[in-house]
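Engineer: 37 is the number of the first residue of the sequence shown in this note's numbering; add one for each residue after it.
The following block contains the structure, expressed as structure tokens.
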Amino acid sequence: MTNDFDNPIIRRGTGSYKWDEAPADDIIPMWVADMDFRAAQPIIDALQRRIDHGVFGYTLVDDEYYKAVTSWFERRHGWRIEREWIQYTSGVVPAVSAVIKALTMPGDKVIVATPVYNCFFSSIRNNGCEAAESPLICRNGRYEADYDDIERLAADPRSRIFLLCNPHNPGGRVWTREELLRINDICMRHGVTVVSDEIHCELVFNGHRYTPFASIDSDCLANSVTCCSPSKAFNTAGLQIANIISSSPETRAKIDRAININEVCDVNPFGVAALKAAYNEGEEWLEALLEYIAGNYAALKAYFDEHLPGVRLMPLEGTYLVWADIRSTGLTSGEAAKRLETEGRVMVSSGTIYGGAGEGYIRINIACPRERMMEGVRRICRVLAE
37 MTNDFDNPII RRGTGSYKWD EAPADDIIPM WVADMDFRAA QPIIDALQRR
87 IDHGVFGYTL VDDEYYKAVT SWFERRHGWR IEREWIQYTS GVVPAVSAVI
137 KALTMPGDKV IVATPVYNCF FSSIRNNGCE AAESPLICRN GRYEADYDDI
187 ERLAADPRSR IFLLCNPHNP GGRVWTREEL LRINDICMRH GVTVVSDEIH
237 CELVFNGHRY TPFASIDSDC LANSVTCCSP SKAFNTAGLQ IANIISSSPE
287 TRAKIDRAIN INEVCDVNPF GVAALKAAYN EGEEWLEALL EYIAGNYAAL
337 KAYFDEHLPG VRLMPLEGTY LVWADIRSTG LTSGEAAKRL ETEGRVMVSS
387 GTIYGGAGEG YIRINIACPR ERMMEGVRRI CRVLAE
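Listed below in structure tokens is the structure:
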């Protein structure tokens with residue numbers, strides 16, 4: 037299998053949200069979290085076979101789908117999932133929203149460790165709940181959870197869910213088994229369920245290991261719901277497929293009702309075909325991707341270290357999203373993002389969309405051909421150095 041990640045794919049003019057939202061053709065988009073790489077060839081082949089059939093009616097999710105999910109997680113991550121634990125839906129954001137609806141009442145609180153994925157806030161708000169923010173602690177250049185603050189928030193009788201991002205977006209942390217276990221211990225003492233968004237779980241680099249929250253022990257399994265999808269790692273977000281995993285029949289019944297209330301109970305045939313191909317045949321491509329993105333990060337960091345040492349980068353343990361501390365520039369996150377777009381002709385994400393703790397940071401998507409990424413990096417450093 038050949039993987040040419042250096043090949044610049046033209047996405048502008050294809051209905052790409054990442055590219056076609058840019059207000060001008062000379063802007064490099066390094067914001068929305070999808071990749072500028074072709075999908076793995078087995079995925080493309082599977083979709084082509086489905087297209088060749090020519091009929092795209094309502095989709096039955098078959099036994100091979102469940103087998104692909106369970107065998108992948110057991111083979112790659114050592115987590116044995118029972119088929120009946122799996123509920124499919126159209127994406128991880130709809131999954132998170134449905135789980136919040138299932139496990140809360142309007143007015144309840146959902147704990148989030150911020151800065152964190154911006155759609156968490158809309159999913160919480162849309163279900164009539166309140167986000168209880170626990171700012172992460174930056175220690176020795178990387179994020180750690182503030183366990184005392186989590187304990188304080190979990191003790192609030194209105195707190196029902198701890199919404200976890202594992203691995204963490206935008207901070208790039210891959211939480212350790214010990215960290216996750218400590219979070220669950222706090223949550224169990226206070227009757228708080230952990231809902232773990234693990235969409236970035238395959239994007240983990242050497243020296244770090246993704247731990248499925250529910251795989252740690254029987255308590256973590258019983259006290260959690262996992263939301264996952266191959267879409268982030270295999271660049272298939274537009275195909276709309278995700279899974280919700282829970283070992284509790286009672287919880288699954290509540291989630292099933294919420295999925296139907298939200299009307300995200302149907303999926304399309306391309307998402308099903310892509311998932312099976314990714315999990316059954318995509319591992320070689322994924323390993324090559326991880327090596328390439330690690331190389332991108334190394335190149336970006338070397339350039340920043342030389343040309344803009346005052347801007348500190350969080351170590352990239354997982355994801356392809358670089359979290360940059362720009363406070364030394366004197367710019368706010370919003371000011372920096374605006375100047376980078378207007379003066380540097382590059383789009384990044386302002387840290388403030390990830391909660392108040394994101395002020396002073398920007399997020400940079402490096403999942404693109406290296407030459408294009410480095411041009412974006414040069415533009416970023418030139419503007420911020422001024």
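Using N, Cα and C, we set each Cβ at its ideal position, and we do this for glycine too.
#1: Assuming contact is defined by CB atoms lying nearer than 8 Å, are ILE280 and ALA131 in contact in what I supplied?
#2: Can you list, in chain order, the residues of its chain whose CB lies under 7 Å from that of TYR328, leaving out five sequence neighbours each side?
#3: Mapping the DSSP letters down to three states, classify PRO142 as helix, strand or coil.
#4: Excluding sequence positions up to five away, which residues of its chain have a Cβ less than 6 Å from the Cβ of GLY346?
#5: Among the residues of its own chain, which have a CB less than 7 Å from the CB of ALA324, if the five just before and after it don't count?
#6: Between the beta-carbon of ASP233 and the beta-carbon of LEU200, is there less than 8 Å?
#7: If I follow the unbroken alpha helix (DSSP H) through ASP99, where does it start and stop?
#8: Whose C-beta lies closer than 6 Å to the C-beta of HIS113 among residues of the same chain, with five residues either side of it excluded?
#9: Taking the straight line between their C-alpha atoms, what separation do you get for LEU352 and HIS89?
#10: Select from ARG245, CYS223 and THR229 the residue whose C-alpha is nearest the C-alpha of TRP211.
#11: Does the separation of the CB atoms of ALA75 and ASN271 fall below 8 Å?
#12: Measuring CB atoms only, is the segment 189 to 197 touching the segment 221 to 235, in the sense that at least three cross pairs come out at less than 8 Å?
#13: Helix, strand or coil: how does DSSP classify PRO425 here?
#14: Going by beta-carbon coordinates alone, are VAL308 and GLN276 separated by less than 8 Å?
#15: Let me know the alpha helix (DSSP H) ranges lying completely inside the segment 45 to 79, each 4 residues or longer, listed in chain order.
#16: Have a look at ARG213 and GLU395 and give me their C-alpha separation to the nearest angstrom.
#17: Taking the alpha carbon of SER133 as the point to measure from, which residue in PRO305, GLY208 and VAL261 has its own alpha carbon closest?
#18: Under a Cβ-count criterion, where at least 16 other Cβ atoms within 10 Å of its own Cβ denotes burial, should TYR53 be classed as buried or exposed?
#19: For ARG85, which residues from the same chain have a beta carbon less than 8 Å from its beta carbon, with the 5 sequence-adjacent residues on both sides left out?
#20: Shortest alpha-carbon distance to ARG218 belongs to which of GLU238, ASN259, HIS236 and ARG196?
#21: For the alpha helix (DSSP H) containing PRO305, list its first residue and its last residue.
#22: Using a threshold of 8 Å, state whether the C-beta atoms of THR431 and ALA278 are closer than that.
Structural biologist: With the given structure in hand:
#1: yes
#2: PHE41
#3: coil
#4: SER364
#5: ASN39
#6: yes
#7: 99 to 113
#8: PRO248
#9: 42 Å
#10: ARG245
#11: yes
#12: yes
#13: The requested residue 425 does not occur in the structure, where the chain is confined to residues 37 to 422.
#14: no
#15: 53 to 56
#16: 29 Å
#17: VAL261
#18: exposed
#19: ALA309
#20: ASN259
#21: 305 to 317
#22: Because the chain is modelled from 37 through 422, residue 431 falls outside the range shown and cannot be assessed.
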